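A short worksheet on the structure shown next.
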Amino acid sequence: MAHGRAAAVRRPKSSSASSAGAAAERKRKRAAAAKTVSLKNQIRSTERLLRKDLPNDIRVAQEKKLEELKRQQELQNQLAIQRTVQLRDRKIKFFERRKIERMIRRLEKQQRSNADDASNKLSKLKEDLEYVR
Numbered sequence: 001m002a003h004g005r006a007a008a009v010r011r012p013k014s015s016s017a018s019s020a021g022a023a024a025e026r027k028r029k030r031a032a033a034a035k036t037v038s039l040k041n042q043i044r045s046t047e048r049l050l051r052k053d054l055p056n057d058i059r060v061a062q063e064k065k066l067e068e069l070k071r072q073q074e075l076q077n078q079l080a081i082q083r084t085v086q087l088r089d090r091k092i093k094f095f096e097r098r099k100i101e102r103m104i105r106r107l108e109k110q111q112r113s114n115a116d117d118a119s120n121k122l123s124k125l126k127e128d129l130e131y132v133r
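No gaps in the numbering here: position 24 of the sequence shown is 24 in full-length UniProt numbering, and each next residue is one more.
Here you go:
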C-alpha cells in the first residue's frame, strides 16, 4: 500500500511512440554534449596514423599537425606548473602575513605599556608586512 500522495500521482506507462521520441531526444543531447578529445589522445591518434603507409602530402600535413599538438601540450604543461607554483607561493605569503600581523598586534599591546623598544620592532614588522603584501 502506498503512503501519501504517490498513489494519486501514478500514471500508466506510456506507449512505445513516446519512448522512442524520448530515446531520440537523449541521443541528440548526447551528440550535442560530446566531449572534446584530449591533446594526449590526439597525439597518440596522429602517431598511429603516421605509422601507416600514407601518401607524402598527407604525411607532411599530419606531421605538422603532430608538431603543433606537441607544442600545445608543452604549453599546457608549463601553465599547469605555473599554477601549482603560484598556489604554493600564495599559501606561503598568506602564512607569513598572518605571522607578521600576529607579532604586530603583540608589539602594539606591549607598546601601550612601555614605549621604548617596542616601537622600533613595530616599525620593522610593519615594513616586513608591506614586503609580504
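Note that beta-carbon positions come from the ideal geometry of N, C-alpha and C, so glycine has one too.
Keep in mind it's a predicted model, so treat the numbers as computed, not measured.
**Prompt:** Within this structure, are the beta carbons of Gln62 and Leu50 separated by less than 8 Å?
**Reply:** The Cβ atoms of Gln62 and Leu50 sit closer than 8 Å to each other.
**At least 3 beta-carbon pairs within less than 8 Å: the stretch 115-131 vs the stretch 84-104** = Short answer: they touch.
**Prompt:** What are the boundary residues of the alpha helix (DSSP H) that includes Leu39?
**Reply:** Where Leu39 is concerned, the enclosing alpha helix (DSSP H) stretches over 39-51.
**Message:** Distance check for Arg102 and Lys121, CA to CA, integer angstroms please.
**Reply:** The alpha-carbon of Lys121 is positioned some 13 Å away from that of Arg102.
**Prompt:** Just checking, does the stretch 52-70 make contact with the stretch 79-87 on the three C-beta pairs under 8 Å criterion?
**Reply:** Under the three-pair Cβ rule at 8 Å, the stretch 52-70 does not count as touching the stretch 79-87.
**Message:** Going by DSSP in three states, Ala33 sits in which element: helix, strand or coil?
**Reply:** Ala33 falls in the coil class under three-state DSSP.
**Asked** Could you check where the alpha helix (DSSP H) with Leu54 kicks off and where it finishes?
**Response** Here Leu54 belongs to no alpha helix (DSSP H), and DSSP marks it neither H nor E.
**Request:** Report the option in Val132, Lys109, Glu67, Ile100 whose CA atom is closest to the CA atom of Asp89.
**Result:** Nearest of Val132, Lys109, Glu67, Ile100 to Asp89, Cα basis: Val132.
**Request:** Work out the CA separation of Arg26 and Thr46 for me, nearest whole Å.
**Result:** About 31 Å.
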